[in-house]
Amino acid sequence: MADEADDELNPVNADDATWILTASFVIFTMQTGFGLLESGAVSKKNEVNILMKNAVDVILGGLSYWMFGYGLQYGQGPGTSAFCGVGSFLLDTEEDGGVFATFIFQLSFATTATTIVSGAMAERANFNAYIIFSFVNTITYCIPAGWMWGQHGFLKKMGAIDFAGSCAVHLTGGASALVAAVMLKPRLHRYDEGTDSLAMGDPGNAIMGLFTLWWGWLVFNTGSSFGITGNKWQYSGRAAINTINASLGGGMAALIMTYLKNRIFGVSDTVNGILGALVGVTVDTHGTGKCIACTRILIEELKAEFFSLGDRVPSSTNERAELVTPPKGRSQGEFFKLEPERVREDDRDQDEGSFGREPEN
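Each step along the sequence shown adds one to the number in the working numbering, with nothing skipped, and position 263 is 263.
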């Protein structure tokens, strides 16, 4: 049965290619969501820096995926093993349209995996070093993705299922983020005044980023049916329902938890709850039930950790957005106010406004 299902999903005809290409273009817009989310979570002086890093993720990540990433993931030439593929490097116009559709779809996944890491490295990484990282981090995506989706992959041969990249994209991205966070350590003077989370630099940007990612995630999951012909459209429809229901459940749980914890509805917790639920459902969004249970748990924890960028050194703009309890008769949406903040002289050491500048340790 598994082989029959694989044969049914693998062929790519004109209609399927149109579906795949359209999904790829929409998934690409998720970079906008990541940029807004991360720029809203860091201090205002580092907004442009984190946006530039998201741009570099696409530029360098896309280039490296074309050069060697696709070949390592899907190559079937001499030397291919259960560990990685060989062949289809520097993909050219001699390939057919089905290969191109697969390439652009997987390229959007590869750049997403790298963008996940930029949040964990926010305000602590030299821009020049990050450029190198964006180029080589493709390897940490394409090889594990090949295990899961490539014809040579040992996980694929064992019957493992990752419908839309919960493991291949988000778990590998989260693992890279964990390594980066351990290596870079906390921001300068982060715990000088306690361990409480600090406010987001621009909650409005973060919420707009959430909406963009939410929209992109529906396409991310439904597009992973890899077509609409035959029975593939049924997988897409099921994926859409599972995805939206998971996000609604995650958002509701986050609202309840943040209110019980703070007696107020926090933006950061709500955003993290929705995104964590979206990642968790991605592994089995078409509802086969044949997923690795521990993957959901690991990804939920990693995403909650590395999308929570509120723990940062405060901005030196003399302003910080703080959560406040709205007075009686006021709108529940009025949760933020700007209050003066003591400026730290050493806060300037954390400034990444110059892209090539190395933050001091």
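Yeah, the Cβ is synthetic: ideal placement off N, Cα and C, and Gly gets one too.
Contact fails between the region 183-199 and the region 59-73, because fewer than three Cβ pairs, one in each stretch, are under 8 angstroms apart.
Under the three-state reduction of DSSP output, Lys-185 falls in the coil class, being neither helix nor strand. Between the region 74-81 and the region 43-57, the count of Cβ pairs shorter than 8 angstroms is below three; the stretches do not touch. Per DSSP, the unbroken alpha helix (DSSP H) holding Trp-149 starts and ends at 138-149. Runs of the alpha helix (DSSP H) lying entirely within the region 62-131 and spanning at least 4 residues, in chain order: 70-74 and 97-120. Per DSSP, Phe-163 lies in no alpha helix (DSSP H) segment and is marked neither H nor E.
Taking the C-beta atoms as reference points, Gly-61 is found nearer than 8 angstroms to Asn-137.
Ser-39 and Gly-230 have their C-alpha atoms some 42 angstroms from each other. When C-alpha distances from Leu-107 are compared across Lys-157, Ser-225 and Leu-91, the shortest belongs to Leu-91.
By the C-beta density criterion, Tyr-191 is exposed, having fewer than 16 other C-beta atoms within 10 angstroms.
Judged by pairs of C-beta atoms under 8 angstroms, the region 216-234 touches the region 25-39, as three or more such pairs exist. In the structure shown, Glu-47 falls within a helical segment according to DSSP collapsed to helix, strand and coil. The C-alpha of Phe-211 is placed about 19 angstroms away from the C-alpha of Thr-258.
Residues of the same chain with their beta carbon placed closer than 6 angstroms to that of Ile-244 are lacking, with the five preceding and five following residues left out of the count. According to the DSSP assignment, Tyr-235 belongs to the alpha helix (DSSP H) that extends over 232-262. In summary, Val-271 is buried, with 16 or more beta-carbon neighbours lying within 10 Å of its beta-carbon over all protein chains present. If you draw a straight line from the Cα of Val-42 to the Cα of Ala-17, it is about 39 angstroms long.
Nearest to Val-283 by alpha-carbon distance, out of Ser-268, Asp-162, Leu-260 and Phe-265, is Asp-162. The criterion of a C-beta distance shorter than 8 angstroms is not satisfied by Ala-110 and Val-12. Each of Val-58, Ile-241 and Cys-142 was checked against the Cα of Gln-31, and the nearest Cα belongs to Val-58. Beyond the five residues adjoining it in sequence on each side, Leu-37 comes within less than 6 angstroms, by CB distance, of Ala-206 and Gly-209 in the same chain, given in chain order.
Scanning Ile-256, Ser-247 and Ala-160 for the CA closest to the CA of Gly-146 turns up Ala-160. Between the alpha carbons of Ala-125 and Gln-234 lies a gap of roughly 44 angstroms.
The alpha carbon of Gly-119 has as its nearest neighbour, out of His-152, Gly-153 and Asn-49, the alpha carbon of Asn-49.
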